[in-house]
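Asker:
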Amino acid sequence: MLLPKIIAIDGPVASGKTAVGRQLAHRVGYRFVDTGMMYRACTYLALRQGVDIGDSEGLASLAATTAMDIVVTSQGERLLANGEDVTIHLRTPQVQACVSDVAKVQGVRVAMVVQQQHMAEAGEVVMVGRDIGTKVLPNAGKVYLDASVEERVRRRLAEAFGRETEAGVRANIDLRDRIDMEREESPLRVADDAVVVETDALDVEGVVSAVIVALGGKA
Ligand code: CDP
Numbered sequence: 004m005l006l007p008k009i010i011a012i013d014g015p016v017a018s019g020k021t022a023v024g025r026q027l028a029h030r031v032g033y034r035f036v037d038t039g040m041m042y043r044a045c046t047y048l049a050l051r052q053g054v055d056i057g058d059s060e061g062l063a064s065l066a067a068t069t070a071m072d073i074v075v076t077s078q079g080e081r082l083l084a085n086g087e088d089v090t091i092h093l094r095t096p097q098v099q100a101c102v103s104d105v106a107k108v109q110g111v112r113v114a115m116v117v118q119q120q121h122m123a124e125a126g127e128v129v130m131v132g133r134d135i136g137t138k139v140l141p142n143a144g145k146v147y148l149d150a151s152v153e154e155r156v157r158r159r160l161a162e163a164f165g166r167e168t169e170a171g172v173r174a175n176i177d178l179r180d181r182i183d184m185e186r187e188e189s190p191l192r193v194a195d196d197a198v199v200v201e202t203d204a205l206d207v208e209g210v211v212s213a214v215i216v217a218l219g220g221k222a
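Counting in the numbering used here, the sequence shown runs from 4 upward without gaps.
(1) Taking only runs of the alpha helix (DSSP H) that begin and end inside the region 23-66, which ones reach a length of at least 4 residues, in chain order?
(2) If we ignore side chains and look at the alpha-carbon of each, how far apart do threonine 46 and histidine 121 end up?
(3) Could you pull out every residue in the same chain whose Cβ sits closer than 6 Å to the Cβ of arginine 43, ignoring the five residues on either side in sequence?
(4) Any idea if leucine 6 is buried or exposed, counting beta-carbon neighbours within 10 angstroms, 16 or more meaning buried?
(5) Are the region 77-93 and the region 158-176 touching, with three or more C-beta to C-beta distances below 8 Å?
(6) Considering only residues of the region 130-165, which uninterrupted alpha helix (DSSP H) runs meet the minimum length of 4 residues and lie entirely inside it, listed in chain order?
(7) Would DSSP call alanine 11 helix, strand or coil?
(8) Counting only the same chain and skipping the five closest in sequence on each side, list residues whose C-beta sits under 7 Å from that of valine 74.
(9) Flag this pair as touching only if the region 135-150 and the region 58-69 have three or more C-beta atom pairs under 8 Å; answer yes or no.
(10) Please tell me whether alanine 213 and valine 129 are closer than 8 Å, where the distance is taken between their beta carbons.
(11) In whole angstroms, what is the alpha-carbon distance linking valine 199 and glutamine 52?
Structure follows, in structure tokens:
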């Protein structure tokens with residue numbers, strides 16, 4: 004069986020969505036869209052422009068007036084916000100601390116979802132996030148990646164190269180998971196027809212193969 008032309012990958016913080024989605028897209032020749040970058044960019048712009056993180060209207064109007072594009076260059080995926088490359092600002096501790104509060108604002112989500120649906124219009128796309136299967140691309144082939152909190156803490160600590168403490172990483176994962184799962188607008192949950200892939204015991208290659216098989220392809 005052929006793989007679906009549109010593939011949605013959702014899952015909690017540090018479940019491997021980005022690494023897996025990128026490699027899967029590369030393997031099957033699809034476009035890769037990491038929607039987390041878009042919510043991070045909204046957060047970075049809000050912090051830079053002094054929009055209060057509790058000001059839903061201010062955040063919604065910022066999101067509604069920001070055209071996002073994700074382009075792939077020799078330096079990997081770059082996020083352009085109204086044409087400005089803001090990629091280096093997306094993973095700072097400040098953005099990390101506020102992004103889930105920005106992403107729970109309905110007006111922010113509406114503005115991002117429209118742009119994400121537009122990005123997927125041409126098909127042959129792997130899109131990763133929290134609500135891709137449940138909201139953004141309901142007709143996609145759907146996968147939900149999961150892993151234990153312990154494993155997800157280990158992965159994020161390894162990426163932090165000593166810049167963060169285990170307690171800090173764990174606290175941010177717990178906080179964002181809770182906000183992402185409990186928010187009113189498109190909370191993180193497993194879509195009814197999604198295949199759940201448990202990734203604790205698998206490396207990225209292993210997860211990609213498991214995802215391809217789950218979607219009906221040959222690993
Ligand atoms: O890579 P990591 O799992 O740490 O996070 P991310 O995918 O870059 O997403 C950052 C944050 O954006 C998440 O914690 C969510 O609050 C939000 N997000 C969302 O609400 N919906 C999406 N489709 C993607 C991200």
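In this text, a Cβ means the ideal position worked out from N, Cα and C, and glycines have one as well.
Answerer: Taking the definition as stated:
(1) 39-52
(2) The residue you call residue 46 lines up with position 43 of the sequence shown. The residue you call residue 121 lines up with position 118 of the sequence shown. Roughly 21 Å separates the two Cα atoms.
(3) Along the sequence shown, read from residue 1 onward, the residue named residue 43 stands at position 40. The answer, listed in chain order, is Leu93, Val98, Val102.
(4) The sequence position of residue 6 within the sequence shown is 3, counting from 1. It counts as buried.
(5) Look at the beta carbons and you see the region 77-93 not touching the region 158-176: under three pairs across the two are nearer than 8 Å.
(6) If we require 4 residues or more, the alpha helix (DSSP H) runs fully inside the region 130-165 come out as 152-163.
(7) Here residue 11 is taken as the residue at index 8 of the sequence shown, counted from 1. Residue state, collapsed to three classes: strand.
(8) Position 71 of the sequence shown holds residue 74. Answer for valine 74: Arg81, Leu83, listed in chain order.
(9) no
(10) For the purposes of this step, residue 213 is identified with residue 210 of the sequence shown, where counting begins at 1. For the purposes of this step, residue 129 is identified with residue 126 of the sequence shown, where counting begins at 1. Cβ distance not < 8 Å, so alanine 213 and valine 129 don't count as in contact.
(11) Mapped onto the sequence shown, residue 199 falls at position 196. Mapped onto the sequence shown, residue 52 falls at position 49. Valine 199 and glutamine 52: Cα-Cα distance of roughly 39 Å.
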